[in-house]
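Asker: In the UniProt record's numbering, the protein residues as written are 1 to 502. Note that beta-carbon positions come from the ideal geometry of N, C-alpha and C, so glycine has one too.
1) Quick check: the Cα distance between residue 61 and residue 439, rounded to an integer number of angstroms?
2) Does the beta-carbon of residue 215 have 16 or more other beta-carbons within 10 angstroms, so that it is buried, or is it exposed?
3) What's the gap between the Cα of residue 29 and the Cα of residue 436?
4) Determine the direct distance from the alpha carbon of residue 420 to that of residue 463, and round the result to whole angstroms.
5) Measure the C-alpha to C-alpha separation of residue 73 and residue 168 and round it to an integer number of angstroms.
6) Got a sec, what are the start and stop residues for the alpha helix (DSSP H) residue 178 sits in?
7) Taking 8 angstroms as the threshold (beta carbon to beta carbon), is residue 276 in contact with chain D?
8) Rounding to the nearest angstrom, what Cα-Cα distance links residue 232 and residue 192 in this structure?
9) Could you give the DSSP three-state label for residue 72: helix, strand or coil?
10) Return the residue from the list 173, 318, 141 and 470 that minimises the CA-CA distance to residue 504.
11) What are the start and end residues of each continuous alpha helix (DSSP H) run of 4 or more residues lying completely inside the stretch 50-112, in chain order?
12) Consult DSSP for residue 17 and reduce its assignment to one of helix, strand or coil.
13) Using 10 angstroms around the beta-carbon of residue 213, count the other beta-carbons present and answer buried if the total reaches 16, otherwise exposed.
14) Tell me whether residue 159 is buried or exposed, calling it buried when 16 or more other Cβ atoms sit within 10 Å of its Cβ.
15) Compare the beta carbon distance of residue 517 and residue 187 with 8 angstroms and say whether it is the shorter of the two.
16) Compare the Cα-Cα distances from residue 389 to each of 338, 18, 23 and 269 and report the closest residue.
17) What residues in its chain sit with their C-beta under 7 angstroms from that of residue 138, if we drop five residues either side in the sequence?
18) Applying the 10 Å Cβ sphere with the 16-neighbour rule, what's the burial state of residue 374?
19) Taking the alpha helix (DSSP H) that residue 347 belongs to, which residues open and close that run?
20) With a threshold of 16 other CB atoms inside 10 Å of the CB of residue 194, please say whether the residue is buried or exposed.
21) Give the straight-line distance between the Cα atoms of residue 76 and residue 205, rounded to the nearest whole angstrom.
22) Which residue from 458, 90 and 92 puts its Cα closest to that of residue 305?
23) Work out the CA separation of residue 269 and residue 467 for me, nearest whole Å.
24) Since I believe residue 355 is in contact with residue 227 (beta carbons under 8 angstroms), could you give me their beta-carbon distance rounded to a whole number of angstroms?
25) Could you give the C-beta distance for residue 88 and residue 136, rounded to a whole number, given that I count them as a contact under 8 angstroms?
26) Is it right to say residue 347 is buried, meaning 16 or more other beta carbons lie within 10 angstroms of its own, or is it exposed?
27) Under the three-state reduction of DSSP, which class applies to residue 240: helix, strand or coil?
28) In terms of residue numbering, what span does the alpha helix (DSSP H) encompassing residue 443 cover?
29) Go ahead and pull the three-state DSSP assignment for residue 501.
30) What first and last residue would you give for the alpha helix (DSSP H) that runs through residue 208?
31) Using DSSP with H/G/I as helix, E/B as strand and the rest coil, what is residue 46?
32) By Cβ distance below 6 angstroms, which residues in the same chain neighbour residue 266 in space, the five residues on each side in sequence not counted?
33) Looking at the unbroken alpha helix (DSSP H) that takes in residue 390, where does it start and where does it end?
34) Looking at the structure shown, is residue 452 part of a helix, part of a strand, or coil, going by DSSP?
35) Ordered along the chain, which non-local residues of its own chain (more than five positions away) have a Cβ less than 6 angstroms from that of residue 311?
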């Protein structure tokens, strides 16, 4: 009888844990009355329109900036790339806080300059904010696709009389279409799962209404709406799984010579985007800090955030190791690994709703740090699995075999051979999960223990109380933490450029 791989048991347990929230939601929704009325249609329409408008805006902003920064000799090009990628590292709810406070009658812009501005709210306001903080998905994915294209194809088309603009539209963009689509689907996934931005902008989407139902103790209704939202998320995940970024054999990198009018137009677009996404919120938060100081803020909020994030990152890495190794042992291991990816597709508000119900049924877990850590671990486990898996795949099996032939036990071979080789991947995974856990709002908001405020939940508390100025310190602290994520991201970009010779 063939022995089953030892790692299959823990992998199966962790995969089942990743699927558990969906099972809990189905059980919760059994008592809910299924009603599709005009209100339900409005929520579905708002959610769909927000996703569509955000994707369209992200493509319209991200693709031109990707082309310009990849193919033209833009002054300080690498600096522009770093700055244009930076909004991705800032939680969108910080931008929503700033826009909500800055615009409209009595807003910060009106108070400082006397210039009347429209209020940032509703579908338009939410779409603008979401576009500003998600276009880097398209920008980065498009640049990655453009960097692999061979310039010789474009040169041939140009010699046959095709104008530059037509060559970009008919040759370059179609060859980068899969990369653009991959970035656009990530934008759609992020938009569907975001809770805070629609709430701050007073737009009734699935995520906002789930939170409303939860606060009204309508857990069955919240569960039903969560499952409806999950259907949309799964559709996006299926589309994303079908996208395969086309890789060409790298040749000579295309270089475009733009006249100064085109260069100035590109720089103007970049400046406007960066002013709205970076300068405006940072200015607003600094203004609040100068005006109100650190009133109401306690250092324990930052310590709580760091403590919880450390626990989540350690748990995610501990779970990711057996899952990543099980994926190399056969079909069942791969299935378990893929099941673990479901957590990243479940919006935080949905994950929180499911585990709140579980906590109510198991009082020992209700409103405990352990339940919150478990939710965030399931939520960000795919980030750790992906990083650890890529590291384990680079370990030569011959090295393990050599260690075993010299008398090393499996555990000793792992400790002395595999672990030193995969350690950079483990550290990267832990850092990425730590940063995401620090910024997570909805799941933390629903599951945190009493009197356990984090930077994100304190921000939300002062927003609901109307004391926006007291959010300055936690907002700037979160931006500082997000800057670490940006450094990690840009280091990967720099390595890619050195590899491709860009």
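Answerer: In brief:
1) Within the chain shown, numbered from 1, the residue matching residue 61 stands at position 61. Within the chain shown, numbered from 1, the residue matching residue 439 stands at position 439. Whole-angstrom Cα-Cα distance: 25 angstroms.
2) Stepping through the chain shown from its first residue, residue 215 is reached at position 215. Label assigned to residue 215: exposed.
3) In the chain shown, residue 29 corresponds to position 29, counting from 1. In the chain shown, residue 436 corresponds to position 436, counting from 1. Each residue's alpha carbon lies about 29 angstroms from the other.
4) Taking the first residue of the chain shown as 1, we reach residue 463 at position 463. Taking the first residue of the chain shown as 1, we reach residue 420 at position 420. Taking the straight line joining both Cα atoms gives about 46 angstroms.
5) Residue numbering aside, residue 73 sits at position 73 when the chain shown is read from its first letter. Residue numbering aside, residue 168 sits at position 168 when the chain shown is read from its first letter. Roughly 17 angstroms between the two C-alpha positions.
6) Translated into positions along the chain shown, residue 178 becomes position 178. Start and end: 177-193.
7) As a matter of chain content, chain D is missing from the structure shown, which is built from one protein chain.
8) Here residue 232 refers to the residue found at position 232 when the chain shown is read from its first residue. Here residue 192 refers to the residue found at position 192 when the chain shown is read from its first residue. Spanning the two alpha carbons is a distance of roughly 8 angstroms.
9) The residue labelled residue 72 in the question sits at position 72 within the chain shown. Of the three classes helix, strand and coil, the one that applies to residue 72 here is strand, per DSSP.
10) As displayed, the chain neither begins before 1 nor continues past 502, which places residue 504 out of reach and without an answer.
11) 77-85 and 92-102
12) Here residue 17 refers to the residue found at position 17 when the chain shown is read from its first residue. Helix.
13) To locate residue 213, count along the chain shown from 1; it is residue 213. Residue 213 comes out buried.
14) Position 159 of the chain shown holds residue 159. Per the 10 Å Cβ criterion, exposed.
15) This structure cannot speak to residue 517, because the chain is shown only from 1 to 502.
16) Locating residue 389 in the chain shown gives position 389, counting from the first residue. Of the listed residues, the one whose Cα sits closest to residue 389 is 338.
17) Residue 138 sits at position 138 when you count from the first residue of the chain shown. Correct list, in chain order: 58, 59, 62, 63, 180, 183, 184 and 187.
18) Stepping through the chain shown from its first residue, residue 374 is reached at position 374. By the neighbour-count rule (16 or more Cβ atoms within 10 Å), residue 374 is buried.
19) One-based indexing of the chain shown puts residue 347 at position 347. Element bounds for residue 347: n/a, residue is neither H nor E.
20) Here residue 194 refers to the residue found at position 194 of the chain shown. The residue in question, residue 194, is buried, as its Cβ has 16 or more Cβ neighbours within 10 Å.
21) Within the chain shown, the letter at position 76 stands for residue 76. Within the chain shown, the letter at position 205 stands for residue 205. Looking at the two C-alpha atoms, the distance is approximately 41 angstroms.
22) Your numbering for residue 305 matches position 305 in the chain shown. Per the Cα distances, 458.
23) As a working note, residue 467 is residue 467 in the chain shown. As a working note, residue 269 is residue 269 in the chain shown. Looking at the two C-alpha atoms, the distance is approximately 34 angstroms.
24) Along the chain shown, read from residue 1 onward, the residue named residue 227 stands at position 227. Along the chain shown, read from residue 1 onward, the residue named residue 355 stands at position 355. At roughly 15 angstroms, the Cβ-Cβ gap does not stay under 8 angstroms, so residue 227 and residue 355 are not in contact.
25) By one-based count along the chain shown, residue 88 stands at place 88. By one-based count along the chain shown, residue 136 stands at place 136. The pair is a contact, with the Cβ atoms about 4 angstroms apart (cut-off 8 angstroms).
26) Counted from its first residue, the chain shown places residue 347 at position 347. Taking a 10 Å sphere around the C-beta of residue 347, we find 16 or more other C-beta atoms and assign the residue as buried.
27) Mapped onto the chain shown, residue 240 falls at position 240. If DSSP states are grouped into helix, strand and coil, residue 240 belongs with the helices.
28) By 1-based counting over the chain shown, the position of residue 443 is 443. Element bounds for residue 443: 442-447.
29) Here residue 501 refers to the residue found at position 501 when the chain shown is read from its first residue. Only weak support exists for where residue 501 lies, its pLDDT of 49 falling under 50; the value from the coordinates is given anyway. Residue 501 falls in the coil class under three-state DSSP.
30) Position 208 of the chain shown, counting from 1, holds the residue named residue 208. That run of the alpha helix (DSSP H) goes 206-215.
31) Residue mapping note: residue 46 aligns to position 46 of the chain shown, counting from 1. If DSSP states are grouped into helix, strand and coil, residue 46 belongs with the helices.
32) The residue you call residue 266 lines up with position 266 of the chain shown. Same-chain partners within the cutoff: 68.
33) By one-based count along the chain shown, residue 390 stands at place 390. Residue 390 -> alpha helix (DSSP H) spans 369-392.
34) The residue labelled residue 452 in the question sits at position 452 within the chain shown. DSSP places residue 452 in coil when its eight states are reduced to three.
35) On the chain shown, residue 311 is found 311 positions in, with the first residue counted as 1. So the list reads 373, once near-sequence residues are dropped.
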